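Numbered according to UniProt numbering, the sequence shown spans residues 1 to 244. These notes are about the structure you will find just below.
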Amino acid sequence: MLKQKEIPFFKLNNRSAMPIIGFGTGSLKGEDAFSSVKFALEAGYRHIDTADIYENHREIGRAIKESLLSRRDIFITTKYHDSLSENVKDSLDRFLRELRTTYIDLLLLHRPAENSNSIGVSNFSIEQLNEALHLGFEISNNQIEFHPSLNERELQNFCSANRVVVTAYSPLGQGKDLSIKAVEEIAEKHDVEPSNAILAWHIQRNRAAIPSSKNKDHIKENLESLSVELSEDELEKIDKIGEY
Numbered sequence: 001m002l003k004q005k006e007i008p009f010f011k012l013n014n015r016s017a018m019p020i021i022g023f024g025t026g027s028l029k030g031e032d033a034f035s036s037v038k039f040a041l042e043a044g045y046r047h048i049d050t051a052d053i054y055e056n057h058r059e060i061g062r063a064i065k066e067s068l069l070s071r072r073d074i075f076i077t078t079k080y081h082d083s084l085s086e087n088v089k090d091s092l093d094r095f096l097r098e099l100r101t102t103y104i105d106l107l108l109l110h111r112p113a114e115n116s117n118s119i120g121v122s123n124f125s126i127e128q129l130n131e132a133l134h135l136g137f138e139i140s141n142n143q144i145e146f147h148p149s150l151n152e153r154e155l156q157n158f159c160s161a162n163r164v165v166v167t168a169y170s171p172l173g174q175g176k177d178l179s180i181k182a183v184e185e186i187a188e189k190h191d192v193e194p195s196n197a198i199l200a201w202h203i204q205r206n207r208a209a210i211p212s213s214k215n216k217d218h219i220k221e222n223l224e225s226l227s228v229e230l231s232e233d234e235l236e237k238i239d240k241i242g243e244y
């Protein structure tokens with residue numbers, strides 16, 4: 001087993017520190033969400049990603065409370081969807097109650113709200129980001145689907161040029177990218193799992209990543225990706241997968 005390194009972080013444009021690897025909860029509900037988040041926190045994760053439509057705020061809030069960790073040591077990202085019948089402020093007040101917290105570290109939405117340290121967006125294209133930036137919105141994060149077979153390098157370059165941190169959801173291609181030959185060869189060379197190679201690629205290409213799992217071994221393995229160092233040649237091999 002690789003020795004776990006301290007988790008590095010991105011400084012968002014309001015100076016909030018977002019851990020570069022987080023724990024995604026999009027597929028987790030009920031007791032699976034509670035037990036998986038609690039274990040992830042025990043394993044060393046300090047960034048939990050959720051959303052109102054995941055319907056797991058209450059379980060995550062309970063897991064954080066039972067972890068006995070200080071709230072300031074945990075970074076919480078959640079998402080507001082415009083389809084909600086309540087307004088942003090009312091939704092955020094509800095999120096705070098459900099998550100048992102007084103603030104959200106990163107709220108992904110389309111317009112500013114109080115009680116949120118940073119504002120971000122999800123699934124924004126270059127055109128949509130450009131429009132928002134020209135309207136004067138200060139966007140700190142764009143969460144997008146990003147993995148070897150879906151390389152959004154042009155979008156990331158635009159984000160970087162505008163001080164917008166990219167977070168990759170489905171960073172392993174929902175498991176499909178684990179069997180790509182180039183990924184398997186790189187993983188074998190480093191004596192790690194293919195998931196470690198892909199997550200190391202994300203990290204070394206300056207993206208946050210939020211893999212999700214309810215398997216305890218996989219939860220721990222994903223965090224060990226911080227100890228994997230790929231060469232520039234290996235990074236470029238993974239870069240090129242999405243170009244074919």
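All C-beta atoms in this analysis are idealised placements derived from N, C-alpha and C, irrespective of residue type, glycine included. Quick caveat, the model's predicted, so the values are computed rather than measured.
Nearest residue (CA-CA) to residue i, options the options
| i | options | result |
| --- | --- | --- |
| K11 | N206, G242 and H202 | N206 |
| residue 283 | N162, E154 and H190 | Outside the shown range of the chain, which is 1 to 244, sits residue 283, and nothing can be said about it. |
| Q174 | A200, K181, E185 and P211 | P211 |
| N130 | S160, L150, P19 and D239 | S160 |
Bridge partner(s) assigned by DSSP for residue i
| i | result |
| --- | --- |
| E145 | Y169 |
| H47 | F75 |
| K11 | A17 |
| A209 | I21 and A168 |
| L92 | DSSP, once it has assigned bridges, lists no residue as partnering L92. |
| L150 | H147 |
Three-state class that DSSP yields for residue i in the structure shown
| i | result |
| --- | --- |
| V121 | strand |
| A200 | helix |
| F137 | coil |
| K29 | coil |
| G22 | coil |
| D191 | coil |
| K240 | helix |
| E6 | coil |
| L68 | coil |
| S231 | coil |
| E214 | Rather than Glu, the amino acid found at residue 214 in this sequence is Lys. In this structure, K214 counts as coil in the three-state DSSP scheme. |
| N222 | helix |
Integer-rounded CB distance, given that residue j should sit under 8 Å from residue i
| i | j | result |
| --- | --- | --- |
| I48 | G30 | Contact flag wrong, Cβ pair sits at about 16 Å. |
| residue 262 | L99 | Limits of the chain in this structure are 1 at one end and 244 at the other, which puts residue 262 out of reach. |
| A182 | I238 | 6 Å |
> Does the region 165-178 come close enough to the region 139-157 that 3 or more CB-CB pairs lie under 8 Å?
Replying inline: As far as the Cβ criterion goes, the region 139-157 touches the region 165-178, which means the pair count is three or higher.
>> Check whether the region 225-244 and the region 65-82 touch, using three or more Cβ-Cβ pairs below 8 Å as the test.
In response: Because the criterion of three Cβ pairs below 8 Å is not met, the region 225-244 and the region 65-82 do not touch.
> Can at least three beta-carbon pairs, one atom from the region 120-136 and one from the region 91-98, be found at a separation below 8 Å?
Replying inline: no
> Does the pairing of the region 210-221 with the region 36-56 give three or more beta-carbon distances under 8 Å?
Replying inline: yes
>> Between the region 180-199 and the region 151-165, can you find at least three pairs of beta-carbon atoms closer than 8 Å?
In response: no
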